[in-house]
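With numbering that gives the first Met the number 0 applied, the sequence shown covers 0 to 154. Cβ atoms here follow ideal geometry from the backbone N, Cα and C, with glycine treated the same way.
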Amino acid sequence: MREPDSVSPEALDDLEAGVGVLMVVWSRSAERIKPKVSASQLRALVVVDRHGAINLMSLADELGSIPSVTSRLCDRLQAAGFLDRIASEGDRREVVLQVSKDGRRLLRQFRRERQADLKQVLDAMSPRNRNALLSGMSAFYAAATELGLPDEMLA
0 MREPDSVSPE ALDDLEAGVG VLMVVWSRSA ERIKPKVSAS QLRALVVVDR
50 HGAINLMSLA DELGSIPSVT SRLCDRLQAA GFLDRIASEG DRREVVLQVS
100 KDGRRLLRQF RRERQADLKQ VLDAMSPRNR NALLSGMSAF YAAATELGLP
150 DEMLA
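Right, dumping it as C-alpha coordinates:
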(Lines of atoms letter the chains of each structure in order from A and count residues from 1; the text may use other names and numbers.)
(Lines give C-alpha, C1' and ligand atoms only; values in the text may rest on other atoms or scores of the structure.)
Protein backbone atom coordinates (compact mmCIF):
# COMPACT_ATOMS: atom_id res chain seq x y z
CA MET A 1 0.00 0.00 0.00
CA ARG A 2 1.21 3.47 -0.91
CA GLU A 3 2.02 6.12 1.68
CA PRO A 4 -0.55 8.96 1.63
CA ASP A 5 2.04 11.60 0.68
CA SER A 6 3.93 9.58 -1.92
CA VAL A 7 3.71 10.33 -5.62
CA SER A 8 1.67 7.92 -7.73
CA PRO A 9 3.24 6.10 -10.68
CA GLU A 10 0.73 7.86 -12.95
CA ALA A 11 1.83 11.27 -11.67
CA LEU A 12 5.46 10.32 -12.30
CA ASP A 13 4.55 9.26 -15.85
CA ASP A 14 2.85 12.63 -16.40
CA LEU A 15 5.86 14.45 -14.98
CA GLU A 16 8.26 12.52 -17.23
CA ALA A 17 6.13 13.36 -20.28
CA GLY A 18 6.04 17.04 -19.33
CA VAL A 19 9.77 17.16 -18.66
CA GLY A 20 10.40 15.44 -22.00
CA VAL A 21 8.47 18.15 -23.83
CA LEU A 22 10.23 20.83 -21.77
CA MET A 23 13.59 19.37 -22.81
CA VAL A 24 12.57 19.54 -26.47
CA VAL A 25 11.49 23.18 -26.08
CA TRP A 26 14.71 23.90 -24.14
CA SER A 27 17.02 22.32 -26.71
CA ARG A 28 15.19 23.75 -29.73
CA SER A 29 16.47 27.21 -28.85
CA ALA A 30 20.07 25.94 -28.84
CA GLU A 31 19.62 24.70 -32.40
CA ARG A 32 18.76 28.20 -33.66
CA ILE A 33 21.73 30.12 -32.30
CA LYS A 34 24.44 31.12 -34.73
CA PRO A 35 27.21 30.16 -34.95
CA LYS A 36 26.38 26.59 -34.06
CA VAL A 37 27.93 25.09 -30.95
CA SER A 38 27.50 21.59 -29.59
CA ALA A 39 25.36 20.91 -26.53
CA SER A 40 28.48 20.15 -24.48
CA GLN A 41 30.14 23.39 -25.62
CA LEU A 42 27.03 25.37 -24.73
CA ARG A 43 26.83 23.70 -21.33
CA ALA A 44 30.49 24.51 -20.67
CA LEU A 45 29.90 28.15 -21.58
CA VAL A 46 26.89 28.30 -19.26
CA VAL A 47 28.92 26.85 -16.37
CA VAL A 48 31.88 29.18 -16.94
CA ASP A 49 29.52 32.15 -17.24
CA ARG A 50 27.76 31.24 -13.99
CA HIS A 51 31.11 31.23 -12.17
CA GLY A 52 32.55 34.29 -13.88
CA ALA A 53 35.93 32.56 -13.84
CA ILE A 54 36.74 28.91 -13.21
CA ASN A 55 39.78 26.67 -13.55
CA LEU A 56 39.84 23.67 -15.86
CA MET A 57 39.68 21.06 -13.08
CA SER A 58 36.59 22.65 -11.52
CA LEU A 59 34.91 22.92 -14.92
CA ALA A 60 35.67 19.25 -15.64
CA ASP A 61 34.15 18.30 -12.27
CA GLU A 62 30.97 20.27 -12.96
CA LEU A 63 30.64 18.81 -16.43
CA GLY A 64 31.24 15.29 -15.11
CA SER A 65 34.13 14.93 -17.51
CA ILE A 66 37.85 14.27 -17.38
CA PRO A 67 40.29 17.18 -17.62
CA SER A 68 41.77 16.14 -20.99
CA VAL A 69 38.35 16.03 -22.66
CA THR A 70 37.37 19.31 -21.02
CA SER A 71 40.63 20.88 -22.17
CA ARG A 72 39.93 19.92 -25.79
CA LEU A 73 36.40 21.26 -25.46
CA CYS A 74 37.83 24.54 -24.18
CA ASP A 75 40.38 24.56 -27.03
CA ARG A 76 37.50 24.53 -29.52
CA LEU A 77 35.61 27.24 -27.62
CA GLN A 78 38.72 29.40 -27.47
CA ALA A 79 39.44 28.88 -31.19
CA ALA A 80 35.86 29.96 -31.94
CA GLY A 81 36.40 33.09 -29.83
CA PHE A 82 33.89 32.19 -27.11
CA LEU A 83 36.28 31.49 -24.25
CA ASP A 84 39.37 33.22 -22.87
CA ARG A 85 42.15 31.47 -20.97
CA ILE A 86 43.93 33.71 -18.50
CA ALA A 87 46.86 32.91 -16.20
CA SER A 88 45.70 32.86 -12.59
CA GLU A 89 46.92 35.75 -10.47
CA GLY A 90 47.53 33.42 -7.53
CA ASP A 91 49.35 30.67 -9.46
CA ARG A 92 50.75 31.49 -12.90
CA ARG A 93 50.75 27.77 -13.80
CA GLU A 94 46.99 27.61 -13.36
CA VAL A 95 44.73 28.77 -16.17
CA VAL A 96 41.43 30.48 -15.44
CA LEU A 97 38.63 30.25 -17.97
CA GLN A 98 36.28 33.15 -18.69
CA VAL A 99 33.56 33.65 -21.26
CA SER A 100 34.73 36.12 -23.92
CA LYS A 101 32.74 39.05 -25.27
CA ASP A 102 31.61 36.92 -28.24
CA GLY A 103 30.77 34.08 -25.86
CA ARG A 104 28.59 36.38 -23.75
CA ARG A 105 26.84 37.55 -26.92
CA LEU A 106 26.17 33.92 -27.89
CA LEU A 107 24.79 33.14 -24.42
CA ARG A 108 22.51 36.20 -24.54
CA GLN A 109 21.19 35.04 -27.91
CA PHE A 110 20.65 31.53 -26.54
CA ARG A 111 18.77 32.84 -23.50
CA ARG A 112 16.58 35.10 -25.66
CA GLU A 113 15.70 32.16 -27.92
CA ARG A 114 15.07 29.88 -24.94
CA GLN A 115 12.84 32.42 -23.20
CA ALA A 116 10.88 33.03 -26.42
CA ASP A 117 10.29 29.29 -26.79
CA LEU A 118 9.21 28.95 -23.16
CA LYS A 119 6.98 32.03 -23.42
CA GLN A 120 5.26 30.60 -26.50
CA VAL A 121 4.21 27.51 -24.56
CA LEU A 122 3.31 29.45 -21.39
CA ASP A 123 1.18 31.89 -23.41
CA ALA A 124 -0.78 28.93 -24.82
CA MET A 125 -1.73 27.88 -21.28
CA SER A 126 -4.62 29.25 -19.26
CA PRO A 127 -3.53 31.79 -16.63
CA ARG A 128 -4.59 29.35 -13.89
CA ASN A 129 -2.53 26.46 -15.30
CA ARG A 130 0.42 28.73 -16.04
CA ASN A 131 0.43 30.03 -12.45
CA ALA A 132 0.13 26.49 -11.11
CA LEU A 133 3.08 25.35 -13.25
CA LEU A 134 5.27 28.29 -12.23
CA SER A 135 4.39 27.83 -8.57
CA GLY A 136 5.08 24.11 -8.84
CA MET A 137 8.43 24.69 -10.56
CA SER A 138 9.46 27.08 -7.79
CA ALA A 139 8.51 24.47 -5.19
CA PHE A 140 10.37 21.77 -7.14
CA TYR A 141 13.51 23.93 -7.25
CA ALA A 142 13.25 24.63 -3.52
CA ALA A 143 12.85 20.91 -2.73
CA ALA A 144 15.81 19.99 -4.96
CA THR A 145 17.92 22.63 -3.23
CA GLU A 146 16.88 21.31 0.20
CA LEU A 147 17.95 17.83 -0.88
CA GLY A 148 21.38 19.24 -1.62
CA LEU A 149 21.38 18.72 -5.37
CA PRO A 150 24.37 20.58 -6.79
CA ASP A 151 23.77 23.86 -8.58
CA GLU A 152 25.03 22.48 -11.87
CA MET A 153 22.18 19.98 -11.82
CA LEU A 154 19.72 22.80 -11.21
CA ALA A 155 21.01 25.22 -13.83
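Around the C-beta of leucine 41, are 16 or more other C-beta atoms found within 10 angstroms, so that it is buried, or is it exposed?
Buried.
Cutting at 8 Å between CB atoms, please list the residues of its own chain near serine 26, excluding the five before and the five after it.
Once the five neighbours on either side are set aside, the close Cβ partners of serine 26 are Ala38.
In the DSSP output, what is glutamine 97 paired with across the bridge?
Asp83, per the DSSP bridge assignment.
Taking the alpha helix (DSSP H) that alanine 29 belongs to, which residues open and close that run?
Looking at the DSSP string, the run of the alpha helix (DSSP H) that includes alanine 29 is 8 to 31.
For the stretch 96 to 105 and the stretch 72 to 84, state whether three or more C-beta atom pairs, one from each stretch, are separated by less than 8 Å.
Verdict: yes, contact present.
Go ahead and pull the three-state DSSP assignment for proline 66.
Proline 66: helix per DSSP, three-state reduction.
With a CB to CB cut of under 8 Å and the five nearest residues on each side skipped, what residues in its chain are close to valine 68?
Excluding positions up to five away in sequence, the list reads Ala59.
Go to glutamate 88, then tell me how far its alpha helix (DSSP H) extends in each direction, as first and last residue.
Note, glutamate 88: premise wrong, no alpha helix (DSSP H); not H, not E.
On a CA-only basis, which of Val46, Glu30, Arg91, Gln97 is nearest leucine 82? Give me that one, please.
Checking every option, the nearest Cα to that of leucine 82 belongs to Gln97.
Relative to the C-alpha of valine 46, which residue among Met56, Val36, Leu62, Glu88 is closest?
If we check each option's Cα against that of valine 46, Leu62 comes out closest.
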